[in-house]
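Residue numbers (the numbering used here), protein chains in the order written: chain A, 2 to 257; chain B, 2 to 621. Glycine is no exception: its CB is placed at the ideal position from the N, C-alpha and C atoms. Data block below; observations after.
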Ligand SMILES: [Zn+2]
């Protein structure tokens, strides 16, 4: 999964660079505004999909602990953002971005269920659970460096600290169907609980804007962000999940 | 007709001799025992048995009790027909017929020819119940009307009787005319012949519990049959109330507030009941005690109760029986898997037979002719002597009765030339044998073979520190003074009896004297009937059929091997549960098990050969 994310990131960066190189009119525009705001949307490729093995209890386990492996899929979340940027000097400025992304995640589950009557006689069940929502809200504070400012287009690099809040439906137990003599059981879904956490990390990115007129431009940006968020694991353990990832967004940018 | 020549059954013997034992000289009818298997040599006998069944059915002397398809074998059907005389059932008489694709393949049971007895009782049912209450000294156990039946007594007579289970845990039979007691049958199967030693496994158990508002109850609702274990804590006398139908059992259900059960007696009893249920369901296709997943009730943690027992219906808190698990004299709970399996199987033995025949296994007693005198450690008894039952203060005065001896014509005699009638409680011994066999099978289903704790072996009671029976080597277990458990019918413990008059009837009471094989013995007290000891005759055959080996007689048996133990277990279980009539002896049981092995595995199978060799080795 991570490999795939990296490949996608590479191709997006390449696309952005091509876009910049293709743009013309390198002259400075003296009358351009100092403040820009934008709204946009795109996708966020989550950078980490957690996996782990957790204990869980059930009334029918006769005092033995059950356990399950959960391997979350991660993937591409719908991503929305709004930002404001202020030019402080010719080529440098500050930006503040609020973003949110929503992912309908799934997880591959392997459950080991103690037998209700017998010791050390686990039954194994397997299944995939969907519908696990993974929501991120991030605030990125950016130092912006406009490396190319043209009449029609700008290329800006940016980076800085990010605060990422992660809200994740984590699997807390495996549901199962069983019947006497209970030597087998079948997977019947999961129990999940929403858990959340937040952390400060970083982001870097690049943005290219093609100005349609004095005020309105169309932008494309890519951003890599990461913050290691500790979530409360289902069995009381702590589960570290990397929030953020690589996002790509199209935006509408206004300057004043 | 291949009729088992009942050398040891007094009824037939007396019929041959024309002798009578009753004071009024009632004619004794001829008992005809059928043990016709599907061995090719019996083909003509099967035809004959069919003709007998047809003609008796036509004349109304046989009445269909049940007709069912086989639980396991397609094309096989079983029916049980009980004998009736002028509309009144003859207690325990009837025939169990197995058919395959319409053709009769086996017939087992006993019927009586030429019954000549008035079937109209002088006493009304109501008057009879009053009378039974008076002779039992206890009120009826149920609100049901007493049953009218013609009872074959141990002494071969047929008596028209009323019977009812009474609150003294006995079913009493009284003469339906005179109201005099004829017989009483106990409902409690105990292991009281034995003491138990120290030690308990300490192995972890899972308790299948039910979560309630206040905690967890030892009430298994996961298995198809509910299993409820009650807590015997508190006054023993209060717990005895649970031996009778009472809603109070709900309050006695064992519970624990956090499901971490601390009481080893309750934990082990409850878990082992579940394991026994599982074994029966999964290995024998038998569901619960009654075969229909009825609720299973037990009480454990009975301190002060130095026994384990099964109480059969209509007793128990729901009238469906009750297992009780007490402690050894050293306060070790009697709840190991073989003991729990043993008690539960007592219930199955009765209910499996009752489901088909309407009657549980009847405690059949038989005798063989012994010598004229017995000498043990310088003390001698002879025919013509009297036996003294010592007084028990407040309960019983000293009683004296003549030893039961017979002359050459099987007449009772007090002559010095008479020979002791040596009695054996075969029905009870078979009951115990099956309980040990299934208890052992359960143990092998949950533990790997081997010695020591949590290993399966052919010893009973090993996990509480004292082996009380050995199915593998009965001769190695010394019961005292060099008497060992028998490994063949020829070595059975047989007891000298006395004839005790009850009204115009006489009943048998066992004395402490007897013979094991050819060796006389004298126990320390009267009253034991040897059922646990004699059980190893059959249970040793079970062992030999599985493990093989050389019998003490020199006979060798090629066992099926531990990996195929289920073949032997199933044949033994089916012989009882699917084929047996209520009235069984060791020899009839031998035929039933052979038939069962033929049905299940075929007469040419290694399993049949192993079972046949093993039964032959023990003299059955
Ligand atoms: Zn018993």
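Mind listing the chain B neighbours of residue i? Cutoff is C-beta to C-beta under 8 Å, in chain order.
i, result
"residue 61 (chain A)", "223"
"residue 1 (chain A)", "Nothing can be reported for residue 1 (chain A), as the shown portion of chain A is limited to 2 through 257."
For residue i and residue j, which I take to be in contact (beta-carbon distance under 8 Å), what is that distance rounded to the nearest angstrom?
i, j, result
"residue 629 (chain B)", "residue 126 (chain B)", "This structure gives no information on residue 629 (chain B), because the portion of chain B shown stretches from 2 to 621."
"residue 126 (chain A)", "residue 177 (chain A)", "5 Å"
"residue 306 (chain B)", "residue 328 (chain B)", "7 Å"
"residue 225 (chain A)", "residue 204 (chain A)", "6 Å"
"residue 145 (chain A)", "residue 86 (chain A)", "6 Å"
"residue 160 (chain B)", "residue 120 (chain B)", "That pair is no contact at about 12 Å."
"residue 165 (chain B)", "residue 124 (chain B)", "Not really, about 12 Å apart at Cβ, beyond 8 Å."
"residue 118 (chain B)", "residue 173 (chain B)", "So it is not a contact: roughly 20 Å between Cβ atoms."
"residue 537 (chain B)", "residue 472 (chain B)", "6 Å"
"residue 428 (chain B)", "residue 509 (chain B)", "Wrong, their Cβ atoms sit about 13 Å apart, outside the cutoff."
"residue 175 (chain B)", "residue 136 (chain B)", "6 Å"
What in chain A is Cβ-close to residue i, meaning under 9 Å?
i, result
"residue 209 (chain B)", "61, 63, 117, 118"
"residue 260 (chain B)", "60, 63, 64"
"residue 218 (chain B)", "Residues of chain A passing the Cβ test: none, with the nearest at roughly 13 Å."
List, in chain order, every chain A residue whose beta-carbon is nearer than 8 Å to that of residue i.
i, result
"residue 212 (chain B)", "60"
Find the nearest neighbour of residue i within the set the options, judged by alpha-carbon distance.
i, options, result
"residue 270 (chain B)", "B:228, B:285, B:250, B:236", "B:228"
"residue 169 (chain B)", "B:417, B:187, B:154, B:162", "B:187"
"residue 172 (chain A)", "A:46, A:228, A:98, A:69", "A:69"
"residue 100 (chain A)", "A:81, A:88, A:114", "A:81"
"residue 259 (chain B)", "A:56, A:54, A:63", "A:63"
"residue 206 (chain B)", "B:262, B:301, B:355", "B:262"
"residue 276 (chain B)", "A:118, A:105, A:211", "A:118"
"residue 206 (chain A)", "A:227, A:217, A:197, A:196", "A:227"
"residue 331 (chain B)", "B:308, B:324, B:253, B:340", "B:308"
"residue 601 (chain B)", "B:58, B:74, B:61", "B:74"
"residue 496 (chain B)", "B:335, B:372, B:89, B:478", "B:372"
"residue 606 (chain B)", "B:473, B:561, B:272, B:348", "B:561"
"residue 256 (chain B)", "B:401, B:218, B:421", "B:218"
"residue 129 (chain B)", "B:100, B:182, B:595", "B:182"
"residue 225 (chain B)", "B:281, B:212, B:245", "B:281"
"residue 526 (chain B)", "B:512, B:179, B:533, B:365", "B:512"
"residue 376 (chain B)", "B:304, B:426, B:50, B:524", "B:524"
"residue 424 (chain B)", "B:549, B:113, B:532", "B:532"
"residue 151 (chain A)", "A:60, A:223, A:233, A:218", "A:218"
"residue 273 (chain B)", "B:300, B:295, B:111, B:87", "B:300"
"residue 115 (chain B)", "B:62, B:518, B:507, B:363", "B:62"
"residue 104 (chain A)", "A:110, A:73, A:202", "A:73"
"residue 593 (chain B)", "B:98, B:449, B:32, B:49", "B:98"
"residue 200 (chain A)", "A:234, A:162, A:212", "A:162"
"residue 129 (chain A)", "A:93, A:153, A:191, A:136", "A:191"
"residue 101 (chain B)", "B:112, B:70, B:87", "B:70"
"residue 236 (chain A)", "A:61, A:66, A:35, A:43", "A:66"
"residue 266 (chain B)", "B:304, B:412, B:334", "B:334"
"residue 52 (chain A)", "A:213, A:107, A:93", "A:107"
Applying a beta-carbon distance threshold of less than 9 Å, which residues of chain B neighbour residue i?
i, result
"residue 182 (chain A)", "224, 279, 282, 283"
Environment of ligand 1 in chain order, Cβ to heavy atom below 6 Å: Result (chain order): B:190, B:192, B:343, B:347, B:433, B:436.
Contact set between the region 322-347 of chain B and chain A, restricted to residues whose Cβ is under 9 Å from the partner: The residues in question: there are none.
Cβ-based contacts, 7 Å cut-off: residues of the region 262-276 of chain B near chain A: The residues in question are 275.
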